[in-house]
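Each remark here refers to the structure printed beneath this line.
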Ligand code: ADP
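In the numbering used here, the protein residues as written are 63 to 704.
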C-alpha cells in the first residue's frame with residue numbers, strides 16, 4: 063500500500079508552500095528544513111509517497127559518514143534553483159533515487175505535471191522496491207540456512223569420525239562457539255540423578271577445577287527433563303556460579319538413552335542474546351553429538367571389554383590362540399606367545415605366517431566334529447607335549463587351547479614301566495605256583511573237596527596270568543616294542559584267526575560265518591598283534607553272546623582302506639557305555655556280564671594296536687540286538703610281488 067504522505071524538504075518555507083500548492087488533493091504534506099528524515103533509521107514506518115527535495119538543502123549538507131545504505135526507499139523529486147548548482151548532487155547521487163527535477167518558476171503547470179507523473183510512478187516504484195527487499199531478505203535467509211546446514215554437516219562429520227569421547231566433546235564445543243560467537247561453552251552430562259561438567263571452553267579457571275565434580279544447574283535440569291532448549295537474555299545464575307547475560311542450552315538426546323545432557327553457550331559480559339536460528343542449529347548439532355557420544359561410549363566399552371579379555375588371556379597359564387574367520391591371528395596368551403615366539407605386532411597376521419608348527423596349523427585348519435571341536439596332541443621341538451583343543455566359533459573364528467601334559471605323559475610312561483616290570487617279575491613265581499599246584503594231583507590221592515579247591519586255585523591263577531600277560535602286552539604295544547611291521551595279507555590272517563577260534567565257538571553253541579574277501583587285503587602290519595586284535599574281537603563276540611547266536615566276520619577293501627568287521631547278535635552294549643569300552647580296565651557291570659571272565663584290557667589292546675597301525679577302531683551296538691566292532695587300516699599302496 064502506497065503512503066499518502068508527501069515530504070517537502072527545504073529551508074525556504076515559501077518555496078515549500080508553493081510546491082505544496084501544486085500537489086494533487088488527498089495527500090498530507092509535511093515541510094521540514096532538515097535532511098534528518100532521509101538519513102535517520104525509519105524502522106518499520108512506511109516511506110512517504112514522494113520526497114520533494116530542495117537541492118539547496120543537499121548542497122549545505124555533507125553525506126553523513128555512517129551512511130552505508132542507499133536511500134532508495136524514498137522516491138525523490140529535486141527542486142533545482144540558482145544559485146544551487148547541480149554539481150552538489152554528485153556526492154549524494156549514489157544514495158538517491160531521483161525521479162525528476164523541477165526548475166523555477168515552480169508554480170508552473172509543467173511542474174504540477176511533473177509532480178503528478180512522479181506520484182503516478184510511486185506505487186510501482188514502491189512495489190518494485192518491496193519486491194527487491196523481499197528478494198534480498200529471502201536470499202539472506204537462504205544464505206543463513208545454507209551456512210547453518212554447512213555447520214551442522216561439518217560438525218556431524220567431524221564428531222562422527224572420532225570414537226574418543228573427549229575429542230568429540232572438544233570438537234563440538236569449538237564448533238558451537240565459532241558458530242554462535244558466544245564467549246563460553248560447556249557440556250554437562252547426566253549420570254543417574256547427578257550432573258557432571260565434562261567439557262568446557264573459555265570458562266574461568268575455577269570452573270575447570272570442578273571437572274568431574276557434581277554440579278548443580280537448575281536450568282540444565284529443566285532442559286534435560288523437558289527435552290526442550292532454553293534461551294534466556296537476562297542476568298541468570300548458571301552452573302558456573304556467576305551471572306550470565308545471555309545463554310542458550312540445548313538438550314543432548316539419544317534415541318536409546320533419552321536426554322543425556324546439555325550443550326550450553328553463554329555470554330557472560332556481552333549483552334547480545336542468541337537467535338532462534340542459532341537455537342535451531344545448535345539443537346541439530348546436539349543431536350549429532352549425542353549419537354556420536356553414544357558411539358564413543360559403546361566403542362570404549364567394547365575396547366575396555368577387549369582389553370579385559372586380552373589381559374585375562376595374556377595371563378592365562380595355558381597357551382591360547384584365537385584366530386578370526388580369515389585365519390588371521392587375533393589374540394594369544396603370553397604362554398602361546400613364548401612358545402611360538404610371536405612378536406607383539408603379530409596381530410592381524412595370517413596364522414600360517416606367524417606360526418610354523420605343522421601339527422598345530424593342521425589342527426587350526428581342521429574341520430572339527432559336529433560340536434565344532436577337534437583335539438590333537440602336539441609335540442614341540444623342546445620335547446614338551448601339549449594336549450590341544452580346537453573350538454570353532456562360527457562365524458567369529460577359532461580358539462585353540464593348549465595344555466602342557468608333558469609331566470602327565472612322563473607319569474604315564476613311568477606307570478606303564480612300573481606295571482610292566484611288576485608284571486614281569488610276577489610271572490615267574492606264578493608259573494612256579496601253577497606248576498606245583500598241578501603237581502599236587504600226582505603226589506597222592508586227593509579228597510573231592512581238595513580237588514575242588516585246586517580247581518578253583520588254578521582258575522584264579524589263570525585269571526591272574528591272563529591279566530599279567532594282557533598288562534605286559536599293552537605296555538609293550540604302547541612302548542612300541544615287538545611291533546616290527548611288514549607287508550602282510552590281512553585276509554589270510556582273518557582265516558587263521560577264525561579257524562583258531564572254531565573250538566570255542568562250537569563250545570558256546572554259536573555259529574561263525576566268515577565272508578572271504580574277493581581280493582587280497584594287503585596291509586603294512588605286525589602279524590602277531592593284528593592276530594591278537596582279531597582274536598580279542600572274536601573272543602568277545604563269543605563271550606558276550608547267547609547260545610544259538612551267531613558271529614559274522616568280514617574283511618574287504620574300501621577305497622584306500624581295508625575295513626574289518628566282527629558282528630554278533632549277542633547281548634549288545636548301551637550307548638553311554640560305548641564311549642568308554644576302549645579304555646583300560648573298563649568292564650560293563652550288569653547281571654548279564656557278571657559271570658563272564660575278563661580283564662577289561664582286550665579292547666584297550668585292540669585300540670592301541672590299531673592306532674599303532676595308523677588305523678581306527680569303533681563300535682556300533684544296540685542292547686539286546688548285538689554289536690559290531692570294526693576297524694580300518696590303510697591299504698598298502700604297493701603290493702609285493704609274491
Ligand atoms: P573283557 O576282558 O572284560 O572282555 P574288553 O576290553 O575286551 O574286556 O571288553 C570290555 C567290555 O566291553 C567287556 O567287559 C564287555 O562288557 C564289553 N564288550 C566287549 N565286546 C562285547 C561284545 N561283542 N558284546 C557285548 N559287550 C562287549
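Every residue gets a Cβ at the ideal spot worked out from N, C-alpha and C, and that includes glycine.
When we look at the beta-carbon of residue i and count the other beta-carbons within 10 Å, is it buried (16 or more) or exposed?
i, result
"residue 79", "exposed"
"residue 644", "buried"
"residue 63", "The pLDDT assigned to residue 63 is 48, lower than 50, so where the model puts this residue is not dependable, and the model offers no usable value."
"residue 491", "exposed"
"residue 607", "buried"
"residue 546", "exposed"
"residue 544", "exposed"
"residue 588", "buried"
"residue 360", "exposed"
"residue 578", "exposed"
"residue 709", "Missing from the structure shown is residue 709; the chain here goes from 63 to 704 and no further."
"residue 678", "exposed"
"residue 475", "exposed"
"residue 598", "buried"
"residue 206", "exposed"
"residue 455", "exposed"
"residue 319", "exposed"
"residue 407", "exposed"
"residue 230", "buried"
Any heavy atom of ligand 1 inside 8 Å of the beta-carbon of residue i?
i, result
"residue 614", "no"
"residue 521", "no"
"residue 609", "no"
"residue 605", "yes"
"residue 683", "yes"
"residue 649", "yes"
"residue 666", "yes"
"residue 565", "no"
"residue 630", "yes"
"residue 449", "no"
"residue 527", "no"
"residue 478", "no"
"residue 602", "yes"
"residue 655", "yes"
"residue 536", "no"
"residue 598", "yes"
"residue 539", "no"
"residue 371", "no"
Out of the options, state which residue places its alpha-carbon closest to the alpha-carbon of residue i.
i, options, result
"residue 292", "312, 275 and 141", "312"
"residue 630", "124, 613 and 314", "613"
"residue 356", "626, 545, 315 and 562", "315"
"residue 373", "397, 388, 361 and 385", "397"
"residue 261", "205, 327 and 489", "327"
"residue 582", "702, 693 and 509", "702"
"residue 639", "681, 516 and 471", "681"
"residue 384", "423, 277 and 346", "423"
"residue 531", "110, 660 and 218", "660"
"residue 115", "99, 127, 108 and 126", "99"
"residue 654", "635, 69 and 628", "635"
"residue 387", "186, 453 and 535", "453"
"residue 434", "444, 442, 457 and 445", "457"
"residue 412", "400, 475, 470 and 427", "427"
"residue 257", "241, 284 and 232", "284"
"residue 637", "686, 224, 665 and 536", "686"
So residue i packs on residue j, CB below 8 Å; how close in whole Å?
i, j, result
"residue 73", "residue 119", "6 Å"
"residue 539", "residue 667", "7 Å"
"residue 249", "residue 323", "6 Å"
"residue 137", "residue 172", "Wrong, their Cβ atoms sit about 19 Å apart, outside the cutoff."
"residue 697", "residue 585", "7 Å"
- In chain order, which continuous runs of the alpha helix (DSSP H) of length 4 or greater are located wholly inside the region 389-433? 396-401, 413-416 and 420-426
- Message: Just to confirm the assignment: which complete alpha helix (DSSP H) runs, minimum length 4, are found wholly within the region 180-249?
- Response: 227-242
- Query: Which whole runs of the beta strand (DSSP E) in the region 312-366 are 3 residues long or more, in chain order?
  - Reply: 320-329
- Can you list the alpha helix (DSSP H) stretches of 4 or more residues lying completely in the region 99-181, in chain order? 117-122 and 151-154
- Would you list, in sequence order, the uninterrupted alpha helix (DSSP H) runs of no fewer than 4 residues that lie entirely inside the region 608-671? 637-640
- Message: Threshold first: 3 residues or longer. Then list the beta strand (DSSP E) segments lying entirely within the region 536-581, N to C.
- Response: 548-551 and 573-577
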